[in-house]
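Colleague: Right, I'll just put the structure down here and ask away after.
6 protein chains.
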Amino acid sequence: MVYLTRKEHFNAAHKLSNPNWSEEKNWEVFGKCSNKNWHGHNYELYVTVKGKPNPDTGFIINLKDLSVLIREEVCLKLDHKNLNVDVPFLNDILPSTENVAIKIWEILSPKIIEMGAQLHSIKLYETESNFVEYFGEN
Amino acid sequence: MVYLTRKEHFNAAHKLSNPNWSEEKNWEVFGKCSNKNWHGHNYELYVTVKGKPNPDTGFIINLKDLSVLIREEVCLKLDHKNLNVDVPFLNDILPSTENVAIKIWEILSPKIIEMGAQLHSIKLYETESNFVEYFGEN
Amino acid sequence: MVYLTRKEHFNAAHKLSNPNWSEEKNWEVFGKCSNKNWHGHNYELYVTVKGKPNPDTGFIINLKDLSVLIREEVCLKLDHKNLNVDVPFLNDILPSTENVAIKIWEILSPKIIEMGAQLHSIKLYETESNFVEYFGEN
Amino acid sequence: MVYLTRKEHFNAAHKLSNPNWSEEKNWEVFGKCSNKNWHGHNYELYVTVKGKPNPDTGFIINLKDLSVLIREEVCLKLDHKNLNVDVPFLNDILPSTENVAIKIWEILSPKIIEMGAQLHSIKLYETESNFVEYFGEN
Amino acid sequence: MVYLTRKEHFNAAHKLSNPNWSEEKNWEVFGKCSNKNWHGHNYELYVTVKGKPNPDTGFIINLKDLSVLIREEVCLKLDHKNLNVDVPFLNDILPSTENVAIKIWEILSPKIIEMGAQLHSIKLYETESNFVEYFGEN
Amino acid sequence: MVYLTRKEHFNAAHKLSNPNWSEEKNWEVFGKCSNKNWHGHNYELYVTVKGKPNPDTGFIINLKDLSVLIREEVCLKLDHKNLNVDVPFLNDILPSTENVAIKIWEILSPKIIEMGAQLHSIKLYETESNFVEYFGEN
Numbered sequence: 003m004v005y006l007t008r009k010e011h012f013n014a015a016h017k018l019s020n021p022n023w024s025e026e027k028n029w030e031v032f033g034k035c036s037n038k039n040w041h042g043h044n045y046e047l048y049v050t051v052k053g054k055p056n057p058d059t060g061f062i063i064n065l066k067d068l069s070v071l072i073r074e075e076v077c078l079k080l081d082h083k084n085l086n087v088d089v090p091f092l093n094d095i096l097p098s099t100e101n102v103a104i105k106i107w108e109i110l111s112p113k114i115i116e117m118g119a120q121l122h123s124i125k126l127y128e129t130e131s132n133f134v135e136y137f138g139e140n
Numbered sequence: 003m004v005y006l007t008r009k010e011h012f013n014a015a016h017k018l019s020n021p022n023w024s025e026e027k028n029w030e031v032f033g034k035c036s037n038k039n040w041h042g043h044n045y046e047l048y049v050t051v052k053g054k055p056n057p058d059t060g061f062i063i064n065l066k067d068l069s070v071l072i073r074e075e076v077c078l079k080l081d082h083k084n085l086n087v088d089v090p091f092l093n094d095i096l097p098s099t100e101n102v103a104i105k106i107w108e109i110l111s112p113k114i115i116e117m118g119a120q121l122h123s124i125k126l127y128e129t130e131s132n133f134v135e136y137f138g139e140n
Numbered sequence: 003m004v005y006l007t008r009k010e011h012f013n014a015a016h017k018l019s020n021p022n023w024s025e026e027k028n029w030e031v032f033g034k035c036s037n038k039n040w041h042g043h044n045y046e047l048y049v050t051v052k053g054k055p056n057p058d059t060g061f062i063i064n065l066k067d068l069s070v071l072i073r074e075e076v077c078l079k080l081d082h083k084n085l086n087v088d089v090p091f092l093n094d095i096l097p098s099t100e101n102v103a104i105k106i107w108e109i110l111s112p113k114i115i116e117m118g119a120q121l122h123s124i125k126l127y128e129t130e131s132n133f134v135e136y137f138g139e140n
Numbered sequence: 003m004v005y006l007t008r009k010e011h012f013n014a015a016h017k018l019s020n021p022n023w024s025e026e027k028n029w030e031v032f033g034k035c036s037n038k039n040w041h042g043h044n045y046e047l048y049v050t051v052k053g054k055p056n057p058d059t060g061f062i063i064n065l066k067d068l069s070v071l072i073r074e075e076v077c078l079k080l081d082h083k084n085l086n087v088d089v090p091f092l093n094d095i096l097p098s099t100e101n102v103a104i105k106i107w108e109i110l111s112p113k114i115i116e117m118g119a120q121l122h123s124i125k126l127y128e129t130e131s132n133f134v135e136y137f138g139e140n
Numbered sequence: 003m004v005y006l007t008r009k010e011h012f013n014a015a016h017k018l019s020n021p022n023w024s025e026e027k028n029w030e031v032f033g034k035c036s037n038k039n040w041h042g043h044n045y046e047l048y049v050t051v052k053g054k055p056n057p058d059t060g061f062i063i064n065l066k067d068l069s070v071l072i073r074e075e076v077c078l079k080l081d082h083k084n085l086n087v088d089v090p091f092l093n094d095i096l097p098s099t100e101n102v103a104i105k106i107w108e109i110l111s112p113k114i115i116e117m118g119a120q121l122h123s124i125k126l127y128e129t130e131s132n133f134v135e136y137f138g139e140n
Numbered sequence: 003m004v005y006l007t008r009k010e011h012f013n014a015a016h017k018l019s020n021p022n023w024s025e026e027k028n029w030e031v032f033g034k035c036s037n038k039n040w041h042g043h044n045y046e047l048y049v050t051v052k053g054k055p056n057p058d059t060g061f062i063i064n065l066k067d068l069s070v071l072i073r074e075e076v077c078l079k080l081d082h083k084n085l086n087v088d089v090p091f092l093n094d095i096l097p098s099t100e101n102v103a104i105k106i107w108e109i110l111s112p113k114i115i116e117m118g119a120q121l122h123s124i125k126l127y128e129t130e131s132n133f134v135e136y137f138g139e140n
């Protein structure tokens with residue numbers, strides 16, 4: 003097994019705020035991240051796939067195809083968007099980095115299998131000091 | 003003259019949209035940056051001051067004091083905020099990186115003179131690929 | 003399981019020198035790292051915790067709380083200190099990056115369990131070219 | 003077990019082109035990477051070894067020795083070279099990042115065992131957006 | 003005046019070799035950079051323009067337009083190319099970082115004037131340790 | 003004129019403490035930087051020279067020669083050293099980043115003139131958030 007990673011990025015607004023809670027409770031738990039007028043981040047997304055190199059190409063997966071897949075299925079839907087408002091696949095969850103990473107996994111995993119490889123991990127940086135990794139359910 | 007730089011950061015939402023223009027015109031000029039539901043960035047701010055090192059300290063300016071100044075006068079007012087809505091000193095301008103950098107200069111320059119040094123430049127990164135520098139009016 | 007990482011840092015002096023060895027033997031093994039007058043580094047510390055996102059918050063652990071924990075229990079005790087002299091929990095060991103990472107694990111692991119998550123790894127950069135990872139005893 | 007990583011680098015030319023295929027087929031699969039006059043990269047190589055810290059040194063492996071090993075056995079043979087033409091150990095394969103990482107593993111693994119540690123992974127960056135990891139056959 | 007910078011990149015092969023010199027003389031002056039089978043780099047290009055922000059947009063220049071200009075006029079011609087062989091505008095010079103930066107200036111400067119701004123500098127990284135800046139003839 | 007920059011680095015211990023002041027006064031001014039048992043940093047040093055490219059080489063200065071000069075005259079004397087104790091050319095000054103940068107200028111400037119170029123600036127990073135630039139007396 004070899005593991006290949008492609009980095010892409012998107013810039014988005016969000017806020018962390020539980021709609022079932024009062025503004026005070028949200029401030030207590032989420033602090034400045036709950037600012038009702040939003041804030042935002044430059045997100046960096048690392049998608050790691052695994053497989054065996056194809057003897058004809060030396061590739062696990064064609065990087066151009068992987069890059070196009072991530073851009074079309076993920077970045078195009080998140081870039082310059084509001085994660086709480088503009089993104090159908092995030093509609094019913096709090097857009098914490100954890101939850102966004104899980105949703106990105108769910109979108110990409112079946113499509114990478116179709117391409118003949120396996121998704122190994124989603125690593126999502128919210129800032130250079132905070133990031134999340136998700137390896138699927140198992 | 004020696005030039006000393008301190009880096010700080012803030013995360014904010016904004017959009018680029020001229021209120022005197024139609025939505026179509028804004029899209030034409032600003033593209034996805036005009037998304038009405040906002041997007042956001044991890045901004046990195048480099049403040050450069052100049053002066054002669056004090057023979058007793060070896061310092062142009064005390065870095066701790068400079069850091070506190072930048073955090074209190076700038077970052078606290080911009081971090082986890084919406085640059086179009088939440089920031090009094092940006093009220094009447096489009097929050098392009100250029101304009102935000104100029105406003106930060108106007109806030110910091112007189113205070114750095116009071117501290118016995120001179121502001122040399124404001125360098126503001128919107129993303130790692132886009133940044134602005136401002137050296138004052140002269 | 004989702005893995006969440008927080009980065010913090012500290013700047014410290016140290017030397018690598020086995021007190022049971024001659025100066026020559028120390029030089030032979032540790033080279034310039036054994037300089038008797040110390041040298042130092044900007045250490046970068048990545049603390050990774052794992053758990054399931056809380057449905058109310060989307061969080062494995064509250065990042066602010068994790069950051070405060072790392073700063074109070076680790077960085078405050080190491081930052082602007084001499085790792086061989088000033089740090090009680092490093093008293094009886096050589097402050098190699100390996101050993102410092104293990105000690106940081108031992109300090110943080112029980113406290114992160116109290117916070118409802120699990121420590122997954124300590125990653126400690128001594129320089130951008132040298133770093134260590136520790137995943138606990140198992 | 004503690005994991006220690008050393009970063010080294012090399013700058014090299016290569017192209018991706020299967021000699022059994024027509025120029026059209028190569029272009030279709032490899033795109034601009036198949037340019038017959040080559041292109042090149044600044045490769046960054048992360049070598050991770052694992053073991054238990056030696057109680058006399060605090061080290062898994064002496065970093066200086068590890069650095070010398072990587073430079074002599076790998077970087078000296080790849081730096082400022084053409085990966086398709088100048089490197090005997092890459093002679094019979096396509097120099098994709100995947101394949102180069104596997105070959106580096108094969109060179110370093112037995113030598114690191116001789117030094118009393120184990121090779122854990124080879125991580126090879128072709129660009130800051132594309133990298134490969136290899137953990138050996140098991 | 004405000005200064006706005008856009009970063010782009012290209013990956014290319016080259017060698018440093020004066021055709022009027024013997025192989026020995028080239029080796030003496032250029033060392034491993036003269037390897038006859040080429041080597042290569044991930045080049046990073048920073049283009050800085052200056053001007054006054056337009057009151058309607060807050061922009062010195064539209065960043066999208068600047069990015070498209072740099073990609074079409076420079077990166078497309080250099081990316082995945084051999085700088086000694088494949089690039090008409092570098093035909094008659096040694097492709098040192100200095101010379102490539104000057105040629106990029108000559109291409110971009112008149113086009114940026116047409117866009118209503120001025121080119122201030124070309125900064126070209128060959129590696130993260132080596133870079134060149136050019137500010138034009140004056 | 004073209005400007006060429008070479009980056010080198012050194013790791014060192016220091017403290018900021020004016021020997022004419024009480025421990026309290028030093029703490030008041032320098033805070034944790036005055037810790038009597040030292041602390042340390044990974045310093046990054048950027049040396050920028052300027053000149054006209056030589057038509058035979060495309061170089062302002064031979065980068066290998068510049069790198070050797072910086073390593074021998076500066077890094078060898080500072081790396082894995084205590085800046086307050088081990089470095090003759092820093093003996094009579096406080097080793098603030100400002101003062102170290104000025105001293106490095108004084109060492110390198112005449113030697114770069116001998117090599118046929120001019121020193122333009124010394125940029126010295128103490129941490130990624132704090133750095134100093136010096137352009138000489140004029």
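Residue numbers (our numbering), protein chains in the order written: chain U, 3 to 140; chain X, 3 to 140; chain E, 3 to 140; chain L, 3 to 140; chain W, 3 to 140; chain Y, 3 to 140. Ideal placement from N, C-alpha and C gives every residue a C-beta, glycine not left out. Nothing here was measured: the structure is a model prediction, and the numbers come from that model.
Going along chain L, which residues have a C-beta under 8 Å from E/I109?
Modeller: Chain L residues near E/I109: none, gap ~16 Å exceeds 8 Å.
Colleague: Y/K34 to X/S36, Cα distance in whole Å?
Modeller: Cα to Cα, Y/K34 sits roughly 46 Å from X/S36.
Colleague: Rounded to whole angstroms, how far is the Cβ of U/Y136 from the Cβ of L/E135, which I believe are closer than 8 Å?
Modeller: Wrong, their Cβ atoms sit about 17 Å apart, outside the cutoff.
Colleague: In terms of residues, what are the limits of the beta strand (DSSP E) holding Y/L110?
Modeller: No beta strand (DSSP E) holds Y/L110; the alpha helix (DSSP H) holding it covers 99-116.
Colleague: With a Cβ-Cβ cutoff of 7 Å, do W/H82 and L/G42 count as a contact?
Modeller: It is not a contact, given that the beta carbons lie outside the stated cut-off.
Colleague: If you check the beta carbons only, do X/T99 and X/L68 fall under 7 Å apart?
Modeller: Contact flag unset, no.
Colleague: Rounding to the nearest angstrom, what Cα-Cα distance links W/P57 and X/L96 in this structure?
Modeller: Roughly 8 Å separates the two Cα atoms.
Colleague: To the nearest angstrom, how far is the alpha carbon of L/T7 from that of L/T50?
Modeller: If you take the alpha carbons of L/T7 and L/T50, they lie about 4 Å apart.
Colleague: Taking all protein chains shown into account, decide if E/P55 is buried (16 or more other Cβ within 10 angstroms of its Cβ) or exposed.
Modeller: Looking at its Cβ environment, which holds 16 or more other Cβ atoms inside 10 Å, E/P55 is buried.
Colleague: Identify the contact partners of W/V87 in chain L, using a Cβ-Cβ distance below 7 Å as the criterion.
Modeller: Per Cβ cutoff of 7 Å: N39.
Colleague: Going by Cα to Cα distance, which pick from X/P90, X/K52, X/A103 is closest to X/G118?
Modeller: Ranking the options by Cα distance to X/G118, first place goes to X/K52.
Colleague: Would you mind telling me which residues of chain E sit closer than 9 Å to U/Y136, beta carbon to beta carbon, in chain order?
Modeller: Within 9 Å Cβ-Cβ: M3, V4, Y5.
Colleague: For E/L126, which residues does DSSP report across the bridge?
Modeller: E/L126 pairs with E/L47, E/V134.
Colleague: Following the continuous beta strand (DSSP E) through L/L6, name the residue where it begins and the one where it ends.
Modeller: 4-16 is the span of the beta strand (DSSP E), which, as asked, contains L/L6.
Colleague: Opposite X/K83 in the DSSP bridges: which residues?
Modeller: Bridge partners of X/K83: X/A14.
Colleague: What in chain U is Cβ-close to E/L65, meaning under 7 Å?
Modeller: Those are N132, listed as they occur along chain U.
Colleague: Compare the C-beta of L/I34 with all C-beta atoms of chain W and state if any pair is closer than 7 Å.
Modeller: Per the sequence shown, the amino acid found at residue 34 of chain L is Lys instead of Ile. L/K34 counts as touching chain W.
Colleague: In the DSSP assignment, what are the bridge partners of U/K38?
Modeller: DSSP lists no partner for U/K38.
Colleague: What whole-angstrom Cβ distance do Y/W29 and Y/N84 have, given they're in contact under 8 Å?
Modeller: So it is not a contact: roughly 20 Å between Cβ atoms.
Colleague: Using a Cβ-Cβ cutoff of 8 Å, what residues of the region 94-106 of chain Y are near chain X? List them in chain order.
Modeller: Listed by position along the chain: I95, L96, P97, S98, T99, E100, N101, A103, I104.
Colleague: Would you call E/S24 buried or exposed, if buried means 16 or more other Cβ atoms sit within 10 Å of its Cβ?
Modeller: Exposed.
Colleague: State buried or exposed for L/L78, treating a residue as buried only when at least 16 other CB atoms are found within 10 Å of its CB.
Modeller: By the 10 Å Cβ count, L/L78 comes out exposed.
Colleague: Looking at chain E, is there any beta carbon in it that lies within less than 7 Å of the beta carbon of Y/A119?
Modeller: It does not; no Cβ of chain E falls within 7 Å.
Colleague: Which chain W residues are close to Y/D58, counting only those with a beta carbon under 7 Å from its beta carbon?
Modeller: Correct list: N20.
Colleague: Quick one: give me the first and last residue of the alpha helix (DSSP H) that L/F91 is part of.
Modeller: Element bounds for L/F91: n/a, residue is neither H nor E.
Colleague: Could you check where the alpha helix (DSSP H) with L/D67 kicks off and where it finishes?
Modeller: From DSSP, the alpha helix (DSSP H) with L/D67 extends over 65-72.
Colleague: In the DSSP assignment, the alpha helix (DSSP H) including Y/E30 goes from what residue to what residue?
Modeller: Residues 25-32.
Colleague: Suppose the cutoff is 7 Å on Cβ atoms and the five residues either side in sequence are ignored; what does the same chain contact list for W/K113 look like?
Modeller: Same-chain partners within the cutoff: L71, E75.
Colleague: Look up E/L121 in the DSSP assignment and give the residues it is bridged to.
Modeller: In the DSSP output, where bridge partners are listed per residue, E/L121 has E/V51.
Colleague: Using the beta-carbon of each residue, which ones in chain L are nearer than 7 Å to W/V28?
Modeller: According to the sequence shown, residue 28 of chain W is Asn rather than Val. The contacting residues do not exist; W/N28 stays about 13 Å from chain L at best.
Colleague: Give me the residue from W/A103, W/H11, W/F32 with the minimum Cα distance to Y/M3.
Modeller: Nearest of W/A103, W/H11, W/F32 to Y/M3, Cα basis: W/A103.
Colleague: From Y/S131 to X/K66, what does the alpha carbon distance come to, in whole angstroms?
Modeller: Approximately 12 Å, taken between the alpha carbons.
Colleague: Where does Y/K105 land, buried or exposed, given buried means 16+ other C-beta within 10 angstroms?
Modeller: Buried, by the Cβ-count rule.
Colleague: Give the C-beta separation of X/F91 and X/I109 to the nearest angstrom, bearing in mind that I take them to be a contact with Cβ-Cβ under 8 Å.
Modeller: Yes, X/F91 and X/I109 are in contact; Cβ-Cβ is about 7 Å, under 8 Å.
Colleague: For U/N93, is the classification buried or exposed, using 16 other Cβ atoms within 10 angstroms of its Cβ as the cut-off for buried?
Modeller: Counting Cβ neighbours within 10 Å, U/N93 comes out exposed, since fewer than 16 surround it.
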